[in-house]
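Residue numbers (my numbering), protein chains in the order written: chain E, 1 to 464; chain A, 1001 to 1136.
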């Protein structure tokens, strides 16, 4: 295939990828968008296979078969609640693939037309080492994120003395190594760079706590894009550059949205350790001597049955308990009784952006009943019941009133404005931020203690 | 003896010719250098060209992604994950040469990893999107 033809086909593939993202502006167009994405990938792969450098196919076909089978199997088996860790694991693969491609380009630069061994073009060396470093950071960072989300290691932030200093030192060392590698083109420096970047990715994500994972996943998503970009620059491949830039900016925007949803800066999240300093607070005064109204499933069923409107506020607890199906059953029964039921989603609810929306969709909740924070927040004042299930910090009014609170300034769902607030919770323990929620002690709040799924099932029974 | 004189004259002429030739060559080389320099200034180096593509793609990404509805942020993440595996293009070239080498092996690993991601990413996105249904 001529170079011009393949460049043209790469352009077509790039357009397909842009269309794939464009489709996601509404659920109706999104399915077509995904088809565009698949088509773009197929064009990209076939075009490359037809290029003159590719003459031996058996290893390629073997790799595609093995990888394709594993990917297909995992994607079909995975439970929707495990989506965050799946995405984290997939990010790590992109990172590792980038490292492999950079290594291959270093070992056999002739194949890519970027010089010969020992005399690779200077700019290619810079780009190669950048792609390599970002890829390696993405790889280990995503593995740590995966381990935390999967519960293999504690989701709590791991902090130790001198951590930030160590990270800073490694960061500087990586930059120095990139410069050194560009000058010397030494294989030893190359190896050192890989090892140091791997360590850096590991240390970078370790101190970040579980509920900050939406930001971390978005950030790693962004990194995997930039790594592809770096490789694209190295190989002078415009398709890789365009796609990498699309993915990189997408991840960056998601990180921004998530940070805004928590009213924290990205630096603050990366420095980590959030949710540790305030951790001791809930055991202080208040819990023991203040009264909480607690109710049973029957009470909750009675209140909601007689309500005109209910807004359900789901959080990570719903995902953990796998309560979405029982919850939808409950909502169906209420709707049958003429109650208006809607769902309110906080941007950082769950462990990845849009996590709650997917879980509700899985339970066959129509997406037009599900509203984002800005769309629905004004409606709480005219709502009879706010049903909070598995969420805590995102409903805490202290974010609006108490400047001392670690979550002060975070946009929250105004559930306290509803006539009655029903709070499904396992215990009185505080949320991720380690802040006590004064909502529990309000006049119009009723606590429903228990597992989210069991509670919903009991309410369903009581409604029948 | 006229012969040596003629020979000397011929040699002198030849030297003169060689001199002009050298001059011409010099001028030609200068012209060539000038014209390639102009060409470079005209088309820019490949890096500048790539940078142009990169910056424009970042802008396209920025505007397209801001239009994605927040409800679909999870599928956005999995689909971007799948398409970032387009890095497989680099892996295929590494795995393509006829002879077994370290680079070819690296290419094979990268092809396999990227294939997991491509298949897994697109299928899981499709599964997610199939769930989003309007009110019946």
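Ideal Cβ positions, reconstructed from N, Cα and C, are used throughout, including at glycine.
Along chain A, which residues have their Cβ under 7 Å away from the Cβ of residue 76 (chain E)?
Position 76 of the first chain, counted from the first residue, corresponds to residue 76 (chain E). Here the neighbours are 1123.
Rounded to a whole number of angstroms, what is the C-alpha to C-alpha distance between residue 467 (chain E) and residue 222 (chain E)?
As displayed, chain E neither begins before 1 nor continues past 464, which places residue 467 (chain E) out of reach and without an answer.
Can you pull the DSSP bridge partners for residue 372 (chain E)?
Here the question's residue 372 (chain E) lines up with position 372 in the first chain. DSSP lists E:345 as partners of residue 372 (chain E).
Identify the continuous alpha helix (DSSP H) that holds residue 227 (chain E) and give its terminal residues.
Translated into the one-based positions of the first chain, residue 227 (chain E) becomes position 227. Where residue 227 (chain E) is concerned, the enclosing alpha helix (DSSP H) stretches over 213–235.
Within its chain, find whatever has a CB closer than 8 Å to the CB of residue 453 (chain E); leave out the 5 residues flanking it on each side and keep chain order.
Here residue 453 (chain E) refers to the residue found at position 453 of the first chain. So the qualifying residues of the chain are 321, 322, 323 and 326.
Alpha carbons only, please: which of E:2, E:122, E:197 and E:307 is nearest the one belonging to residue 95 (chain E)?
Residue mapping note: residue 95 (chain E) aligns to position 95 of the first chain, counting from 1. Ranking E:2, E:122, E:197 and E:307 by Cα distance to residue 95 (chain E) puts E:197 first.
Thinking just about the alpha-carbon of each residue, which of E:157, E:81 and E:2 is nearest to the one in residue 271 (chain E)?
Residue numbering aside, residue 271 (chain E) sits at position 271 when the first chain is read from its first letter. For residue 271 (chain E), the nearest C-alpha among the options comes from E:157.
Would a C-beta distance cut-off of 8 Å place residue 17 (chain E) and residue 1083 (chain A) closer than the cut-off?
In the first chain, residue 17 (chain E) corresponds to position 17, counting from 1. In the second chain, residue 1083 (chain A) corresponds to position 83, counting from 1. Yes, these two residues count as a Cβ contact at 8 Å.
According to the Cβ coordinates, are residue 385 (chain E) and residue 304 (chain E) closer than 8 Å?
Translated into the one-based positions of the first chain, residue 385 (chain E) becomes position 385. Translated into the one-based positions of the first chain, residue 304 (chain E) becomes position 304. Yes, the pair counts as a contact, with Cβ atoms nearer than the cut-off.
Buried or exposed: which applies to residue 1089 (chain A), given that a residue is buried once 16 or more other Cβ atoms fall within 10 Å of its Cβ?
Walking along the second chain from the start, residue 1089 (chain A) turns up at place 89. Burial call: buried.
Please list the residues of the segment 1056–1080 of chain A that have a C-beta atom closer than 7 Å to any C-beta atom in chain E, keeping them in chain order.
Flagged, chain order: 1057, 1058, 1060, 1061, 1062, 1064, 1065, 1066, 1067, 1068, 1069, 1070, 1071, 1072, 1073, 1074, 1075, 1076, 1077, 1078, 1079 and 1080.
Please report the distance separating the alpha-carbon of residue 276 (chain E) from that of residue 1093 (chain A).
Here residue 276 (chain E) refers to the residue found at position 276 of the first chain. Here residue 1093 (chain A) refers to the residue found at position 93 of the second chain. Low per-residue confidence applies at residue 276 (chain E): pLDDT is 46, beneath 50, and the placement is therefore not dependable, though the value from the model is reported in the following sentence. Looking at the two C-alpha atoms, the distance is approximately 48 Å.
Should residue 1127 (chain A) be flagged as near chain E, meaning a C-beta pair shorter than 8 Å?
As a position in the second chain, residue 1127 (chain A) is number 127, starting the count at 1. Closer than 8 Å to some Cβ of chain E, the Cβ of residue 1127 (chain A) qualifies, so yes.
What residue does the beta strand (DSSP E) around residue 309 (chain E) start on, and which one ends it?
As a working note, residue 309 (chain E) is residue 309 in the first chain. 309–314 is the span of the beta strand (DSSP E), which, as asked, contains residue 309 (chain E).
Do you know offhand how far residue 382 (chain E)'s Cα is from residue 1063 (chain A)'s?
Taking the first chain and counting its residues from 1, the one referred to as residue 382 (chain E) is at position 382. Taking the second chain and counting its residues from 1, the one referred to as residue 1063 (chain A) is at position 63. Looking at the two C-alpha atoms, the distance is approximately 35 Å.
According to the neighbour-count rule (16 or more other Cβ atoms, all chains shown, within 10 Å of its Cβ), is residue 1104 (chain A) buried or exposed?
Counting from 1 along the second chain, the entry for residue 1104 (chain A) is found at position 104. So residue 1104 (chain A) ends up on the buried side.
Is there a Cβ from chain E that is less than 8 Å from the Cβ of residue 1024 (chain A)?
What you label residue 1024 (chain A) is simply residue 24 of the second chain in a count that begins at 1. Closer than 8 Å: no.
Name, in chain order, the residues that DSSP records as bridge partners for residue 420 (chain E).
Here residue 420 (chain E) refers to the residue found at position 420 when the first chain is read from its first residue. For residue 420 (chain E), which the question treats as bridged, DSSP gives the partners E:385.
Using 10 angstroms around the beta-carbon of residue 218 (chain E), count the other beta-carbons present and answer buried if the total reaches 16, otherwise exposed.
Start at 1 with the first residue of the first chain, and residue 218 (chain E) comes out as number 218. Flag for residue 218 (chain E) reads buried.
Report the three-state DSSP secondary structure of residue 425 (chain E) (helix, strand or coil).
For the purposes of this step, residue 425 (chain E) is taken as residue 425 along the first chain, with counting starting at 1. Looking at residue 425 (chain E) - three-state DSSP - the assignment turns out to be strand.
Should residue 175 (chain E) be labelled buried (16 or more other beta-carbon atoms within 10 Å of its own) or exposed?
Position 175 of the first chain, counted from the first residue, corresponds to residue 175 (chain E). That one is exposed.
Which value, in whole angstroms, describes the spacing of the CA atoms of residue 335 (chain E) and residue 142 (chain E)?
One-based indexing of the first chain puts residue 335 (chain E) at position 335. One-based indexing of the first chain puts residue 142 (chain E) at position 142. Residue 335 (chain E) and residue 142 (chain E): Cα-Cα distance of roughly 42 Å.
Mapping DSSP to helix, strand and coil, what is residue 1037 (chain A)?
Residue numbering aside, residue 1037 (chain A) sits at position 37 when the second chain is read from its first letter. Reliability fails at residue 1037 (chain A), whose pLDDT of 49 lies under 50, so the model's placement of it is uncertain and the value that follows must be treated cautiously. Reduced to three states, the DSSP call for residue 1037 (chain A) is helix.
Pair every Cβ in the segment 203–214 of chain E with every Cβ in the segment 226–235 of chain E, then say whether three or more of these pairs are closer than 8 Å.
Counting Cβ pairs under 8 Å, fewer than three are found: no touch.
Considering only residues of the same chain and omitting the five flanking positions on each side of residue 241 (chain E), which have a CB-CB separation below 8 Å?
Along the first chain, one-based indexing puts residue 241 (chain E) at 241. Within the same chain, residue 241 (chain E) has close Cβ partners 229, 232 and 233.
Counting only C-beta atoms, is residue 4 (chain E) closer than 8 Å to chain A at any point?
For the purposes of this step, residue 4 (chain E) is identified with residue 4 of the first chain, where counting begins at 1. Closer than 8 Å: no.
Compare the beta carbon distance of residue 200 (chain E) and residue 171 (chain E) with 8 Å and say whether it is the shorter of the two.
Start at 1 with the first residue of the first chain, and residue 200 (chain E) comes out as number 200. Start at 1 with the first residue of the first chain, and residue 171 (chain E) comes out as number 171. Closer than 8 Å, so yes.
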